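Residue numbers (our numbering): 851 to 1137. Step one of this worksheet: look at the structure below.
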Amino acid sequence: MPELPEVETVRQTILPSVTGRQIDMISPLTPGVYLSGGLDASGSIITDVRRRGKYLLLDLIPQDGLHGPLIMLVHLRMTGRLLLRERDETPPRHTHLRLRLTRPDQPDNPIWLDFHDTRRFGRVWLLTADPEGRPVGAPGGYDALGPEPLGPEFSAAWLQGLRDKRKNTSLKAFLLDQTVIAGLGNIYADESLFAAKLAPYQSVGTVSDTQFSQLVDAVRQVLADAVSCQGTSLRDYVDGWNRKGRFQDCLMAYGRAGQPCRICGTVMRKMKLAGRTTCWCPDCQSS
Ligand SMILES: [Zn+2]
């Protein structure tokens, strides 16, 4: 599943190509994937592409004078992709939504942005924007998202403030909780705990202030490194130009059970936590 580094990479790859372009045609190809709520994005200009957790937000300014700003909110879920195309080829199988984008001063030079998803769990919503630029009526969980891990609100103090309320929660489940921190999934939770030298099964209530600081630093470093490698491509993930990421070559913990730890050589272990396979080094991450 695409996590923060993959969604951020998609954002960075599509941003320069779509910003300033007008949606001159919008083609929903599969019922139930594009949820417009009766709004119409046709004719809108794309002014920005933002990310919040694992969501992408395309900011739209309608040109009909009937609507205020709109937001096209995208969640890739398991296998969703946003793919740019420079030619009007037949949409490949599993393409569920296609936008044709032109520059107002170059109407004969379009590009296409496809939402492609083999598992079809991903969704695209069209929503109005409130005066602060937040989507109105966003799907479950969006408004409850915790701080962005690469932003200033994510801090040891924020995590310490949650320690009593979540004292019996494992650190792995804590990091996967999108209300605690927005954008982590199984890969980067395992990688962050390895980098912080913390055991994934340790209870939040027993984590010291110093350990929370280590965890914050580790999360930030792991995510920044993964973004700089254009994300992790193990199965489906590609960026907006259909290119794989490189962070799969740098994984220290995720998927490495049974292999020697890259730091100490101890055989890595796995266990189920929060319903997810979790890999860790019993020596480096003894807490
Ligand atoms: Zn180790």
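Ideal Cβ placement from N, Cα and C applies to all residues, glycine included. Being a predicted model, the structure only gives us computed values, none of them experimental.
So residue i and residue j are supposed to be a Cβ contact under 8 Å. How far apart are they, rounded?
i	j	result
Phe1097	Cys1079	4 Å
Trp1047	Cys1134	Reading off the sequence shown, one finds Lys at residue 1047, where the question assumed Trp. Indeed they touch by this definition, with Cβ atoms about 6 Å apart.
Asp964	Thr945	5 Å
Leu920	Leu885	Rounded, the Cβ-Cβ distance is 13 Å, inconsistent with contact.
Does residue i get closer than 7 Å to chain C when you measure Cβ to Cβ?
i	result
Arg1070	Among the protein chains of the structure shown there is no chain C, as only one such chain exists.
What residue range does the beta strand (DSSP E) around residue i cover?
i	result
Asn959	956-967
Pro1002	Pro1002 -> no beta strand (DSSP E), and no H or E assigned at all.
Tyr905	905-911
Ser877	872-878
Arg1122	The identity of residue 1122 in the sequence shown is Lys, whereas the question assumes Arg. That run of the beta strand (DSSP E) goes 1119-1123.
Could you tell me if the beta carbon of residue i falls within a distance shorter than 6 Å of some heavy atom in ligand 1?
i	result
Cys1100	no
Thr1116	yes
Ile911	no
Ile873	no
Asp1133	yes
Cys1111	yes
Which residue's Cα is closest to the Cα of residue i: the options?
i	options	result
Asp980	Gly996, Asn1018, Asp938, His917	His917
Tyr1038	Val1054, Pro999, Ser1063	Pro999
Which residue comes first and which comes last in the alpha helix (DSSP H) that contains residue i?
i	result
Arg861	854-868
Report yes or no: do the region 1008-1023 and the region 870-887 share at least 3 C-beta pairs separated by less than 8 Å?
no
Using 8 Å as the cut-off, can you tell me whether the region 960-972 makes contact with the region 988-1004, which would need three or more C-beta pairs spanning the two stretches below that distance?
no
Report yes or no: do three or more beta-carbon pairs, one from the region 893-900 and one from the region 1066-1074, lie closer than 8 Å?
Contact fails between the region 893-900 and the region 1066-1074, because fewer than three Cβ pairs, one in each stretch, are under 8 Å apart.
Touch test, the region 1084-1094 against the region 861-871, Cβ-Cβ under 8 Å, three pairs minimum
yes
At a cut of 8 Å, does the region 1041-1061 reach the region 1125-1133 through at least three beta carbon pairs?
yes
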